[in-house]
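Take a look at the structure set out below.
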Amino acid sequence: MKYAAAGAFALCATTTAAFAGTTAQPGETAGLAMGAPLPEGVYFVNTLDWGVRKLPGEDIKVGVDIPVIAWSTPWSFLGTNLQLLVATPMIHADVPGGVNDDYGFYNPFTAAKLAFDLGGGFGVSYLSGIYWNAGDKFIRVRATTWRQDFAVSYTGDGWNLTANLLWGITFDTDKRVGGKTSNGFNLDLTATKTFGKWEIGAVGFGSTEYDRVKGDRKTESFAVGPLVGYNFGPVILQAYLTREVYAKNTTGNGGPRSDRKDTRFWSRIIIPLWTPATPAAPLVTKY
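Throughout the sequence shown, residue numbering follows my numbering, covering 184 to 470 in sequence.
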C-alpha cells in the first residue's frame, strides 16, 4: 500500500468561527495526498486534534475526533478510482462563560470521490459530499452543506506535494439561526518527504468566507507547522503542530480580541481493515 495514497480520506470538522462556510475544519486534509488514487480496500482513519485560542484571562479550547470508514472500490469511472466515505465527527468545545461548553456529535458526512493517476507521480481528484443537518444541537452547524474538494498531488520519489481546495455551499439552514449561513473556501497544503519509514515535512492551511449575512464580518485565517509520520506497516501514524500566522474576526466581529491566533496539535492513525492481499479471517475456525 502506498503511504501517500493510504490516508487520502481523513475528514473532520469543528464549531469555531474560523472554520468558515465549508463546515469542514481547515487543515483536516493536510498531510494527505488527496489527489492520489487509493489502493482497493476498506480503511479506518481517526484524526484527533486539540487547539487553544488564548484571550486575555480566558482561553477558547476546541477538540475534534473524527472516526472515518472509507471504501476504495474496485470500480472505476472513466479511468478514475471510485471511493465511498462516511464520517461521524465529534467535538468538545470549551468556551468562556459556559457557551457551547459541551461534547457531542457534529454534522455527519457522506461522500464519493474520484481520483485519477496522471502518471509520473501526479494525480488529481474530485470529492463531492454532504454534511447533513443533524447531530448535537449545541455543536453542529445548523445547515446542510455541500462540500466539494479539488486536489492535485505529486507523490513521486517519496514526496507528497499536495494542494486541496475545499468549497462549501450551505443550504437548508435552520430558521432558529437566522435562516442563512455563510459559504466559504479552505485550502490545505502539504510538502513532505519520506526517509525509509519516516515522513518529515510541513503543512499549511487557510480559510475564508463569502456571502456573509449583512453586517457580519468575514472570517479569515492561515496556519503553518511541521509534520512527522511513521509507517509501522500496515498501520500509519502522523502528528503535526500548527500555529495561525494570520487571523481575522476569528472570535468576534471586530476589535483586537477578534484576531487571536489558534495553536493546535493533530494526530492521525490509518488502519487498513481489508485489502485484496489480506483477506478477512473466518468468523468460525475448526480445530
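The beta-carbon is built from N, C-alpha and C at its ideal position, and this holds for glycine as well.
So for residue i, helix, strand or coil by DSSP?
i, result
"residue 341", "helix"
"residue 205", "helix"
"residue 372", "strand"
"residue 292", "strand"
"residue 401", "coil"
"residue 437", "Only weak support exists for where residue 437 lies, its pLDDT of 49 falling under 50; the coordinates are left without a value."
"residue 444", "coil"
If we ignore side chains and look at the alpha-carbon of each, how far apart do residue i and residue j end up?
i, j, result
"residue 196", "residue 379", "Residue placement at residue 196 is poorly supported in this model, since its pLDDT is 33, which falls under 50; the coordinates are not used for a value here."
"residue 235", "residue 220", "34 Å"
"residue 349", "residue 213", "12 Å"
"residue 274", "residue 216", "25 Å"
"residue 449", "residue 210", "9 Å"
"residue 238", "residue 309", "38 Å"
"residue 344", "residue 418", "22 Å"
"residue 351", "residue 415", "35 Å"
Is residue i buried or exposed, if buried means 16 or more other CB atoms sit within 10 Å of its CB?
i, result
"residue 390", "buried"
"residue 340", "exposed"
"residue 258", "exposed"
"residue 296", "buried"
"residue 272", "buried"
"residue 301", "exposed"
"residue 406", "buried"
Could you tell me the boundaries of the beta strand (DSSP E) in which residue i lies?
i, result
"residue 425", "419 to 431"
"residue 274", "273 to 277"
"residue 324", "Neither: residue 324 is in no beta strand (DSSP E) and is coded neither H nor E."
"residue 250", "241 to 260"
"residue 382", "381 to 393"
"residue 365", "Residue 365 -> no beta strand (DSSP E), and no H or E assigned at all."
How close, in whole Å, do the beta carbons of residue i and residue j come, if the pair is a contact with beta carbons under 8 Å?
i, j, result
"residue 444", "residue 427", "4 Å"
"residue 455", "residue 224", "5 Å"
"residue 247", "residue 270", "Rounded, the Cβ-Cβ distance is 11 Å, inconsistent with contact."
"residue 206", "residue 324", "5 Å"
Using a Cβ-based criterion (distance less than 8 Å to any ligand heavy atom), does residue i qualify as near the ligand COA?
i, result
"residue 205", "Although the ligand COA was asked about, the structure shown includes no ligands whatsoever."
Compare the C-beta of residue i with all C-beta atoms of chain B and state if any pair is closer than 9 Å.
i, result
"residue 366", "Any reference to chain B falls outside this structure, which holds one protein chain only."
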